[in-house]
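J.:
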Amino acid sequence: MALCSLCGKKEVMPFTCKFCGNKYCADHRLPENHECLGLQKFKEQRSKEPEKWIYDPFHTKYKEAPVGRKTPKPWAERLSEALKTKALLYAVLGIILLAIVLGALGFL
Ligand SMILES: [Zn+2]
Ligand SMILES: [Zn+2]
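If you count the sequence shown from 1, position 57 lands on 39 in the working numbering, and the numbers rise without skipping.
1. How long is the line joining the alpha carbons of I82 and W57, rounded to whole angstroms?
2. Would you be able to state if there are at least three C-beta pairs under 8 Å between the segment -4 to 4 and the segment 20 to 27?
3. Looking at ligand 1, does it come within less than 7 Å of K(-9), judged from the CB to the closest heavy atom?
4. Considering only residues of the same chain and omitting the five flanking positions on each side of I78, which have a CB-CB separation below 7 Å?
5. Which class does L75 belong to by DSSP, given the choice of helix, strand or coil?
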């Protein structure tokens, strides 16, 4: 049991902010929701070396970008990758469709 550092609500399962270390209720656990001083400091630091950090929405925290992916891929490269993925998808769908048609006609 702890009290939320912002609103003072009793919280059975308090969330500890990774940036400032204070405890918060579910409503104020995100740095954005308690005007986190730790996050502000972090953002200042991050603005000095922005390519080093990426935002991870699922864990509501910032983490270091994996080595070797510091810059986003050029759009041409991304497009060709997307086309490859789509071509594979259509090929699989085509085979499945063919199997269904053949099965319906009694060939299988
Ligand atoms: Zn609160
Ligand atoms: Zn905080």
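Don't be surprised by glycine CBs; every beta carbon is placed ideally from N, CA and C.
T.: According to the structure shown:
1. Working through the sequence shown from its first residue, we reach residue 82 at position 100. Working through the sequence shown from its first residue, we reach residue 57 at position 75. C-alpha separation (whole angstroms): 37 Å.
2. yes
3. Taking the first residue of the sequence shown as 1, we reach residue -9 at position 9. Within the cutoff, so yes.
4. As a position in the sequence shown, residue 78 is number 96, starting the count at 1. None.
5. As a working mapping, residue 75 is identified with position 93 in the sequence shown. If DSSP states are grouped into helix, strand and coil, L75 belongs with the helices.
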